[in-house]
Amino acid sequence: FPTVVEKLVSKSDNLFNAEFNTLSSLDSENLVANSDLLIDSDSNGIPDGFTFSNATDISLVNGITKFTATANFGRIVRTDLNIDIGETIYYFARVKTSNDNTRFYGGNTFTSVPNTNSFEFISAVKTPLSSTNIQLIGIYDNSSSDFTPIEVDKMGAINITDLVARGILPSG
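Take 196 as the starting number for the sequence shown in this note's numbering and just add one per residue.
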């Protein structure tokens, strides 16, 4: 999980039991089922719950999915997040690309993914104020040609509304 999240004070359910267990507390908060991309129950090479569009050379090995776009906005997305307008969400992904046009989408905004050809951790805190596309998270290739492979190791979203409201985390 992200460094900032690892340092959180445990949620009140763990404090009640006098235990400090951020991992189990935050696991239950992740809005993206199969965010570690490890489950492929039908063995089709696509992580369960995710879909690809305008993509080829799709593979899934040990929780890392790889694809190459075939057109602008070639992507992997998850479209079933349960997010309400006004909730504060921490979006994150771990992505590897050699492309200057790779984008991480979460909270109605795109964030550029660094072109380092190494896995990079990308995150954003957003409070969606409209209902347009707030139920999805994804990695996109914004190129129009010269597509290169993109690898995704994990992708998730954690509802931190309560933690922000209690002053444990800042709002942005």
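All C-beta atoms in this analysis are idealised placements derived from N, C-alpha and C, irrespective of residue type, glycine included.
With burial defined as no fewer than 16 other Cβ atoms inside 10 Å of the residue's Cβ, what is the status of residue 365: buried or exposed? Working through the sequence shown from its first residue, we reach residue 365 at position 170. It counts as exposed.
What is the DSSP secondary structure of residue 256, reduced to helix, strand or coil? The residue labelled residue 256 in the question sits at position 61 within the sequence shown. In this structure, residue 256 counts as strand in the three-state DSSP scheme.
In angstroms with no decimal places, state the Cα-to-Cα distance between residue 237 and residue 252. Here the question's residue 237 lines up with position 42 in the sequence shown. Here the question's residue 252 lines up with position 57 in the sequence shown. So the alpha carbons of these two residues sit roughly 18 Å apart.
Have a look at residue 201 and residue 347 and give me their C-alpha separation to the nearest angstrom. As a first step, residue 201 is located in the sequence shown; it is residue number 6 there, counting from the start. As a first step, residue 347 is located in the sequence shown; it is residue number 152 there, counting from the start. Low per-residue confidence applies at residue 201: pLDDT is 44, beneath 50, and the placement is therefore not dependable, though the value from the model is reported in the following sentence. When rounded, the distance between both Cα atoms is 21 Å.
Starting from residue 360, trace the alpha helix (DSSP H) both ways and give me its first and last residue. In the sequence shown, residue 360 corresponds to position 165, counting from 1. Note, residue 360: alpha helix (DSSP H), 356-360.
Sort 350, 324, 323 by Cα distance to residue 335 and report the nearest one. Position 140 of the sequence shown, counted from the first residue, corresponds to residue 335. The option with the nearest alpha carbon to residue 335 is 350.
Rounded Cβ spacing between residue 240 and residue 228 (contact assumed at less than 8 Å): If you number the sequence shown from 1, residue 240 lands on position 45. If you number the sequence shown from 1, residue 228 lands on position 33. The beta carbons of residue 240 and residue 228 sit about 18 Å from each other, so the pair does not count as a contact at 8 Å.
Helix, strand or coil for residue 353, going by three-state DSSP, please let me know. Residue numbering aside, residue 353 sits at position 158 when the sequence shown is read from its first letter. Strand, per DSSP.
Pairwise C-alpha distance: residue 317 and residue 288: Position 93 of the sequence shown, counted from the start, is the residue given in the question as residue 288. Position 122 of the sequence shown, counted from the start, is the residue given in the question as residue 317. When rounded, the separation of the alpha-carbon atoms in residue 288 and residue 317 is 5 Å.
Could you compute how far the alpha carbon of residue 345 sits from the alpha carbon of residue 261? Looking up residue 345 in the sequence shown gives position 150. Looking up residue 261 in the sequence shown gives position 66. If I take the Cα positions, the gap works out to 6 Å.
Might you give, ordered along the chain, the residues of its own chain that have their beta carbon closer than 6 Å to the beta carbon of residue 356, omitting 5 neighbours on each side? Position 161 of the sequence shown, counted from the first residue, corresponds to residue 356. Around residue 356: 282, 283.
By Cβ distance below 6 Å, which residues in the same chain neighbour residue 254 in space, the five residues on each side in sequence not counted? Translated into the one-based positions of the sequence shown, residue 254 becomes position 59. For residue 254, where only same-chain residues beyond five positions count, the Cβ hits under 6 Å are 240, 261.
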